[in-house]
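Reading through the C-alpha cells given below for one structure.
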Amino acid sequence: MSSTSNAEQADGFDIDDQYADIENRITFADSLNDENDSFHVAKDKDNNASNNEKEIVLSMSRSKSLDHLTNNMPYMYSFRQVTSNNDAISDAASTTKSEYNFVLDNYLEYTDDSKIPRLRGKGANNIFITAIQSSHWAALCTVATMSCFLTYSISNHEPFLRADLSQALIITIVLATFPEVAASAGAGAFAGMASLDSIPNYGWLTLLALITSSVWMIFHRFKVLVGCGGRIGTCAFISMNITVALFAMPSGTVSWSLYVDTDQLWSERLELVPSILTVVVCTFLSTVGGFVRLKSKLPLNPVQAPTTISLLCMLIVEPMGYTSYTTQIDTGLAVGSFVAMASEHYLPSVLDFSIAGFLAGLWILFLDPFFIDFGGKKGFTAFCGFVTYVVSSKVSRSTKRM
C-alpha cells in the first residue's frame with residue numbers, strides 16, 4: 107500500500123485493507139450550516155492490486171464538546187455508508203446505501219434537575235417513545251405505575267426476589283433503555299417495595315400506584331426537594347402513607363401496628379453485628395456512589411451510578427448465602443445508593459457523601475421498629491440522613507462565623 111497522505115497522518119486516520127471495495131461517507135452536520143466547517147480526507151489507492159480501488163471519504167464538522175449543549179441547541183449527526191459489491195458474473199455492480207441519523211442533545215433529569223447529554227434516534231414515529239423522550243406527563247405516570255407493579259410482583263410473587271434487589275433491577279433496566287424517565291421509574295419501584303402485610307393484593311397496589319403517580323407529578327411540577335438525597339423514595343413514602351393511613355388501615359385490611367410494634371422495639375429487633383454491618387455498608391455505598399459521580403468527566407444521571415453499583419454489590423452477595431446478614435447488607439446498599447443520588451450542590455465532596463451515608467445508616471437503626479414493610483421507607487431514611495448532615499453542616503458553619 108502506498109503511504110498515506112499528510113492530511114491522513116495529521117488527523118490520525120489509519121486506512122486498513124479491510125475497507126477494500128467499500129466507500130464510507132460519514133457526515134457530522136449541525137444546525138449552523140457552515141460550509142467552511144468541514145474537511146475531507148484524501149483517498150488512498152492500492153497500487154498493487156488491479157481493479158481493486160478503495161476510497162474513504164470523511165466529512166465532519168469541528169468537534170463539538172458537551173459544553174456546547176448547555177444552550178439547549180441540538181446537533182444532528184448523520185452517518186451514511188455506501189457499499190459496492192462487484193458481481194463476478196455480471197459487469198453490473200449492486201450498491202447498498204444505509205443512512206443513520208442521530209440527535210445529540212440534553213434531557214432534564216428530575217432527581218436534581220441536572221442536564222444530561224444523550225444520543226437518540228432522529229424522527230422516531232413511535233408515539234410512546236416520543237412521549238418518553240419528551241418527558242410527557244402521561245409517560246411519566248405510566249412508567250411509575252409499571253415500575254410499581256413490576257417491583258411488587260417479582261418481590262412478593264415468583265421469582266420472590268428481595269425487594270431491594272427487585273427495585274435496583276427494574277431501575278437499571280429503565281436506565282439502560284429510557285434514562286429520561288429513570289426518576290419516575292424509581293418513584294414507582296420504591297413504592298412497590300411494600301410487602302404483602304402492608305399491600306395485601308393487586309387492588310390495593312393499583313391504588314398505591316395511582317397515588318404514587320399523582321404525588322410524583324406534584325414533586326415534578328413544583329420541584330419538591332430537588333437535589334435532596336432520598337427525594338424519590340420520600341415521594342414513594344408519602345404515597346404509601348396516604349394509601350394505608352387513609353384507606354387500607356381504616357378499612358381493617360392492614361393493621362395499624364405496622365406504624366410501630368410496641369412489643370418489638372430496638373432491643374428486640376436489633377443485634378450488634380448486623381447493625382454495625384448495616385451502617386458500614388450504607389457508608390460504603392454512599393461514598394463510592396458519590397466518588398463516581400464527582401470524579402466523572404461527563405455529566406452522569408444521578409440515579410445511574412448509585413443504582414448500578416448497588417445492584418452489582420447485591421448480585422455479588424446473593425450467591426454467597428450469607429442469609430443471616432443479607433437483609434442488613436441489602437438495606438445498607440439501598441439506603442446508601444439513595445443518599446448518593448443527592449445533588450453535588452449539597453454534597454460537594456466525597457467526604458460529604460460519606461458522612462451523610464453514615465448518618466443515614468444510623469437512621470436505619472432508629473427507624474427499624476417504625477413503618478414496618480412500608481414502600482419508600484428506605485428512601486425516606488436516606489432523606490433523613492441527608493437532611494441531618496446538611497442542617498448540621500450549616501449550623502456548624504454559622505457557629506464558626508460567630
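Residue 107 is where the sequence shown starts when you use the numbering used here, and the numbers rise one by one after that. Where a beta carbon is used, it is the ideal one built from N, C-alpha and C, also for glycine. Values in this document were obtained by computation on a predicted structure and should not be read as measured data.
With distances taken from CA atoms, which of Val398, Ile348, Val249 and Phe444 is nearest Trp310? Ile348
Can you round the beta-carbon distance between Ser392 and Ala466 to whole angstroms, since I take them to be within the 8 angstroms contact cut? 7 angstroms
For the candidate residues Ile305, Asn212 and Met323, whose alpha-carbon lies nearest to that of His242? Met323
In angstroms with no decimal places, state the Cα-to-Cα distance between Leu364 and Pro223. 43 angstroms
Using the C-alpha atoms, what's the distance from Glu215 back to Leu471? 31 angstroms
Under the three-state DSSP convention, the category Tyr213 falls into: strand
Quick check: the Cα distance between Met252 and Phe296, rounded to an integer number of angstroms? 12 angstroms
Please go through the region 307–361 and give each complete alpha helix (DSSP H) segment of 4 or more residues, from N-terminal end onward. 308–327 and 337–349
For Cys254 versus Thr340, is the C-beta distance shorter than 8 angstroms? no
Would you call His451 buried or exposed, if buried means 16 or more other Cβ atoms sit within 10 Å of its Cβ? exposed
Buried or exposed for Val360, please, with buried defined as at least 16 other CB atoms from any protein chain shown within 10 angstroms of its CB. buried
Can you round the beta-carbon distance between Leu314 and Ser345 to whole angstroms, since I take them to be within the 8 angstroms contact cut? 6 angstroms
Counting only runs of 4+ residues fully inside the region 362–391, write out the alpha helix (DSSP H) ranges in chain order. 372–375
Given Leu406, which residues of its chain have a CB within under 8 angstroms of its CB, disregarding the five upstream and five downstream residues? Ile222, Val398 and Arg399
If you follow the alpha helix (DSSP H) that Tyr258 is part of, which residue opens it and which one closes it? Trp243 to Asn262
So, Val496 versus Met447, is the Cβ gap smaller than 8 angstroms? no
Around the Cβ of Met420, are there at least 16 other Cβ atoms within 10 angstroms (buried) or fewer (exposed)? buried
Nearest to Ile260 by CA position, among Val501, Ser498 and Leu275, is which residue? Leu275
Separation of Asp303 from Pro356, as counted between CA atoms: 15 angstroms
Of all the options Leu404, Pro475, Thr414 and Thr283, which has the alpha carbon lying nearest to the alpha carbon of Leu371? Pro475
So what's Leu418 in DSSP terms, helix, strand or just coil? helix
From what residue to what residue does the alpha helix (DSSP H) around Asp458 run? Val456 to Phe472
Three-state secondary structure (DSSP) of Lys500: helix
According to the Cβ coordinates, are Val441 and Thr505 closer than 8 angstroms? no
Contact under 8 angstroms by Cβ, Phe464 with Gly336: no
Taking all protein chains shown into account, do 16 or more other C-beta atoms lie within 10 angstroms of the C-beta of Phe234, making it buried, or fewer, making it exposed? exposed
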